[in-house]
Amino acid sequence: MLEKSFAAGCNLLFISALLGGCAAGTSVKMKQDVSANVTKKVESKYTGPKRRVGVVDFENKSAYGQSRLGQAASDILITELVKTGKFIVVERDKVNKILEEQKLGLTGAIDSNTAAQMGRILGLNAIITGAISNFGVRTTGSDYLIAQSKRQEATCTVDIRAVDAETGQILLADSGKGVSKVSSGGFLGMGTQGSYAESIEGDSLRAAISQLIENITSQIN
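In my numbering, the protein residues as written are 2 to 222.
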């Protein structure tokens, strides 16, 4: 009788420890997948002439994210242009200031007159404008008794125009599409309760813009 009681007590302690370990040490796994054509690293330093370009805040035509997506897209483009070593990119604040002073508008299309004014004042060779024409986030998941999983996918389409700052001629019109995916999982209702993973916003934008850099570099020379 004593042996049976002892064995039962051991089993109870083992089960309690197992449940306690699951609750306290929740297992969470995260995986992220970004579809991007990453800008190739410059193997040899570019020594040729650099073109002066200005980047205008992108217009967000989607129903998501308001103006912050447009600002994020223009920042990403500036970073990618500088990384090529082939451009002198005028600070965005200076470009926006000129647009405000000349009452030319902060986003949207740049016509030939606007391009000429900006080119003359800032000494630009080209102006790049853009728009986020599509942006969306889809969330799916599963919820079982003790295990849960969640998957999020952000997709976007970015359109750009490069305009000659002297003639107003459109040098390039192109579009890129970016996709970013993230998945997570957990046990006992923990680990998947977080809201939308904001990092996939920037990742999808960068994926789309990275596809455009090669064409920009070849057309603005």
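Beta carbons are placed, not taken as given, at the ideal position from N, Cα and C, and that holds for glycine. Note that the structure is a prediction, hence the values are computed from the model and not measured.
Arginine 53 is positioned such that its CB atom lies no closer than 8 Å to that of serine 75. The distance from the Cβ of serine 134 to that of serine 68 is about 15 Å, inconsistent with a contact at the 8 Å cut-off. Residue state for isoleucine 133 is assigned as strand, using DSSP reduced to three classes. Inter-residue distance for serine 205 and alanine 155 is about 6 Å (C-alpha atoms, whole angstroms). The distance from the Cβ of threonine 158 to that of alanine 117 is about 30 Å, inconsistent with a contact at the 8 Å cut-off.
For leucine 123, the closest C-alpha among the options Ala166, Gly86, Glu81, Gly131 is that of Ala166.
Exposure of aspartate 112 is indicated by the presence of fewer than 16 other C-beta atoms within 10 angstroms of its C-beta. Within the same chain, Val159, Ala209, Ile210, Gln212, Leu213 come within 7 Å of glycine 177 by CB-CB distance, once the 5 residues on both sides are set aside. When C-alpha distances from asparagine 97 are compared across Thr80, Phe88, Ile89, Thr115, the shortest belongs to Thr115. With respect to arginine 152, glycine 142 sits close: the two C-beta atoms are nearer than 8 Å.
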